[in-house]
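For the sequence shown, our numbering gives the first residue as 9, with consecutive numbering after it. Have a look at the structure below before the remarks.
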Amino acid sequence: MEGKLVRLRAYEKSDLDAVMKWVNDEEVTDLLGGEMLVYPVSSIAEAKFIEAAAGSSDRQKNFVIETLAERRYIGAISFNVIEWHNRCAGLGIVIGDKSLWGKGYGTDAMRVMMRLGFDKMNLHRLWRHVHNYNPRAIASYERCGFKREGVLRQEHFARGRYHDTIVMGILESEYRAVT
Ligand SMILES: CC(C)(COP(=O)(O)OP(=O)(O)OC[C@H]1O[C@@H](n2cnc3c(N)ncnc32)[C@H](O)[C@@H]1OP(=O)(O)O)[C@@H](O)C(=O)NCCC(=O)NCCS
Numbered sequence: 009m010e011g012k013l014v015r016l017r018a019y020e021k022s023d024l025d026a027v028m029k030w031v032n033d034e035e036v037t038d039l040l041g042g043e044m045l046v047y048p049v050s051s052i053a054e055a056k057f058i059e060a061a062a063g064s065s066d067r068q069k070n071f072v073i074e075t076l077a078e079r080r081y082i083g084a085i086s087f088n089v090i091e092w093h094n095r096c097a098g099l100g101i102v103i104g105d106k107s108l109w110g111k112g113y114g115t116d117a118m119r120v121m122m123r124l125g126f127d128k129m130n131l132h133r134l135w136r137h138v139h140n141y142n143p144r145a146i147a148s149y150e151r152c153g154f155k156r157e158g159v160l161r162q163e164h165f166a167r168g169r170y171h172d173t174i175v176m177g178i179l180e181s182e183y184r185a186v187t
């Protein structure tokens, strides 16, 4: 699945070294949700994650983001909570290579994922929780057409205190209006 800058593809075992380059980088993991990456991650645990992510699952779809130009791993994107009854899915995204932040790769990958979700999987709503201290992610999602749906007050503990979490989402009709 290709965008203008990136291609989304399935995980391969050979991705392990590239993944290990960012999973223990707090500057990156501090911006992600969930508890998994709060603690140091071993290559053993990460290999298990890749094995699971490479397999097919109805609940999750995990992909590698690679550059179109060099076919180089730069990050990952997923539908990590798919609810088929409600036809909605939660998204996760990371560009692990910090030198590539702010160059359009994340927005491009998200647009490919929206195409998959709305045009192929027949989903109705995509959503993402974002820490309020992550303006780059918020700007990228808004660029894709996501709206701020609400605020979960003091939902996330990081940097020694609680932070609000912003719920962002896009409906299929909104996606159709911007494509
Ligand atoms: C969030 C992330 C996926 C976005 O991908 P990206 O390739 O860096 O983002 P893009 O370059 O496509 O878009 C970034 C947008 O933020 C803006 N931006 C960049 N730096 C910014 C900053 N410090 N403050 C506010 N906005 C900023 C850019 O101008 C751009 O908006 P525009 O297209 O309207 O000009 C990527 O930065 C990342 O992986 N970050 C670490 C992990 C993370 O935060 N994951 C998301 C968790 S919710």
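Glycine is no exception: its CB is placed at the ideal position from the N, C-alpha and C atoms. In this text the structure is predicted, and so the values were computed from the model without any measurement.
Collapsed DSSP secondary structure at residue i in the structure displayed
{"i": "residue 21", "result": "helix"}
{"i": "residue 12", "result": "coil"}
{"i": "residue 30", "result": "helix"}
{"i": "residue 169", "result": "strand"}
{"i": "residue 182", "result": "helix"}
{"i": "residue 97", "result": "strand"}
{"i": "residue 141", "result": "coil"}
{"i": "residue 121", "result": "helix"}
{"i": "residue 155", "result": "strand"}
Pairwise C-alpha distance: residue j and residue i
{"i": "residue 84", "j": "residue 43", "result": "17 Å"}
{"i": "residue 143", "j": "residue 55", "result": "31 Å"}
{"i": "residue 14", "j": "residue 121", "result": "11 Å"}
{"i": "residue 105", "j": "residue 94", "result": "34 Å"}
{"i": "residue 34", "j": "residue 27", "result": "14 Å"}
{"i": "residue 163", "j": "residue 101", "result": "20 Å"}
Nearest candidate by alpha-carbon position, reference residue i, set the options
{"i": "residue 72", "options": "163, 110, 48, 103", "result": "103"}
{"i": "residue 135", "options": "177, 108, 155, 167", "result": "177"}
{"i": "residue 126", "options": "80, 112, 182, 77", "result": "182"}
{"i": "residue 23", "options": "11, 34, 62", "result": "62"}
{"i": "residue 17", "options": "59, 81, 41, 57", "result": "81"}
{"i": "residue 98", "options": "185, 116, 64, 149", "result": "149"}
Chain D contact for residue i (CB, 8 Å cutoff)
{"i": "residue 136", "result": "Although the question refers to chain D, the structure presented lacks it and comprises just one protein chain."}
Distance between beta carbons of residue j and residue i, contact taken as under 8 Å
{"i": "residue 119", "j": "residue 152", "result": "6 Å"}
{"i": "residue 140", "j": "residue 173", "result": "7 Å"}
{"i": "residue 68", "j": "residue 52", "result": "About 21 Å; that fails the 8 Å criterion."}
{"i": "residue 76", "j": "residue 10", "result": "6 Å"}
6 Å Cβ shell around residue i - same chain, five flanking residues per side excluded
{"i": "residue 37", "result": "45"}
{"i": "residue 39", "result": "142"}
{"i": "residue 179", "result": "133"}
{"i": "residue 158", "result": "175"}
Contact set for residue i: own chain, Cβ-Cβ below 7 Å, skip 5 residues either direction
{"i": "residue 49", "result": "31, 32"}
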